[in-house]
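Novice: Quick note: the sequence shown uses full-length UniProt numbering, first residue 1, plus one each step.
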Amino acid sequence: MTGYIIRRLVQSVIVAIGVLLIMFILQSLLPDPARAILGVKATPVQIAAFNRANDLNKPFYVQFAHYLVDVVWHHNLGTAYQLNESVGSIIARDAPKSLVLVGVALAIAVIIAVPIGVYQAVRRNTVGDQAVTAVSFLLYSLPTFFLGQLLILFLAEDFHLFPAEAPQGVTLGQILSDPIALVLPIANLVLVNYAGYSRFMRSSAIEALAQDFIRTARAKGLPERVVLFRHMLRNALIPVVTLIGLSIPAIFTAGLITEALFNFPGIGSDYVQALVSQDYPLALGITLLVAVLTVLGNLVADILYAVLDPRVRYR
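1) Which partner residues does T258 have in the DSSP bridge list?
2) Does the Cβ-Cβ distance between Y197 and A109 come in under 8 angstroms?
3) Is the beta carbon of M201 closer than 8 angstroms to that of V118?
4) Which residues in the same chain have their Cβ closer than 7 angstroms to the Cβ of D270, if we skip the five residues on either side of it in sequence?
5) Runs of 4 residues minimum, wholly inside the segment 25-81: which ones carry the alpha helix (DSSP H) assignment?
6) On the CB-based measure, 16 or more other CB atoms within 10 Å of its CB, does G148 come out buried or exposed?
7) By how many angstroms is the C-alpha of I47 removed from the C-alpha of K97?
8) Between F252 and the rest of its own chain, which residues show a CB-CB distance below 7 angstroms, the 5 nearest in sequence each way excluded?
9) Can you tell me which of the three DSSP states S12 falls into?
10) Does the segment 160-167 touch the segment 182-189, meaning 3 or more C-beta pairs lie closer than 8 angstroms?
11) Taking a contact to mean a Cβ-Cβ separation below 8 angstroms, would you say L155 touches F162 in this structure?
12) Is S86 helix, strand or coil by DSSP?
13) Does the separation of the CB atoms of I214 and V226 fall below 8 angstroms?
14) So does the segment 291-306 actually touch the segment 3-18, counting three or more Cβ pairs closer than 8 angstroms?
15) Please identify the residue among G255, I116, D279, T294 whose C-alpha is closest to the C-alpha of S86.
16) Which residue spans inside the segment 115-149 form an unbroken alpha helix (DSSP H) run of at least 4?
17) So the alpha helix (DSSP H) T242 belongs to, where does it begin and stop?
18) Would you decide whether Y61 is buried or exposed? Buried here means 16 or more other CB atoms lie within 10 Å of its CB.
19) Are L222 and A121 closer than 8 angstroms when you measure CB to CB?
In structure tokens:
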């Protein structure tokens, strides 16, 4: 297992470098950000000085090499153009808020989706199963921004149950001090992710219930509760763990849209602002963070295989 984890970590580093390389290539195709940063009244001399100070006058592969050296050896992600602040400090300040938002929503979505998926598998093709399936399909088909607008329209504007805007604050403690304002952003992410997980859990549970070991457990006279939660659930969760690991990029994408929609002061809002203002260092730093979290999420999913299924061994 140790050797496998080391190999996967090496692969993760290669993937992160590949993501950064693609970002640098795309960045080289975009207009010079000096004009966007300095304004329309900037003189050619000022633009040239800005490009020299930020290595923007050099080929992209030279910029890429310098960036890798700064990240690996100096642990420096650069300085954001607009805020004139180190990218590392911005990420350290805002990333915990986004991780809490996405993490809580993901946990709630899984907690809801797993028992509902098991219920649908046990009661498949009944009225209850069809009703839950219809709701899941409806939620799955709704875009994140549209679902969020519906939540704001009905729960905030019409019924005044929750604030339409997420809590505002610089620190994580200030964000958590207003939990009521977190309800709509978290609910938006929960509903988006629940639909896919519940459908996948239903299919996985139906497949597990058709296996011989389930029939053997029932033939021994074990209670249905023991059959479902001790024998079936552990095997049915293996594909779901894979889905969660692979869906981390989509979760962060939905989180980015949710943050922009509810004005949540997290890393997603920083990313949108960086793209709008052509703040390349900040955009690259956040992209690197998401890439690292994605590969680590997949690594954790692989390790959980061995926990859920003792037959799985990595050599």
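Glycine included, each C-beta is placed from N, C-alpha and C at the ideal position.
Specialist: Checking against the coordinates, here is how it stands:
1) Residue pairing from DSSP leaves T258 without any beta-bridge partner.
2) Their beta carbons are under 8 angstroms apart, which means Y197 touches A109 by this criterion.
3) yes
4) I90, D94, L282, I286
5) 33-38, 44-53, 60-74
6) buried
7) So the alpha carbons of these two residues sit roughly 35 angstroms apart.
8) Cβ neighbours of F252 beyond the five flanking positions: V102, V290.
9) helix
10) yes
11) yes
12) Looking at S86 - three-state DSSP - the assignment turns out to be strand.
13) For the pair I214 and V226, the CB atoms are not nearer than the 8 angstroms cut-off.
14) Yes, since at least three Cβ pairs between the segment 291-306 and the segment 3-18 fall closer than 8 angstroms, the two stretches touch.
15) D279
16) 127-141
17) 233-246
18) With fewer than 16 Cβ atoms within 10 Å of its Cβ, Y61 is classed as exposed.
19) no
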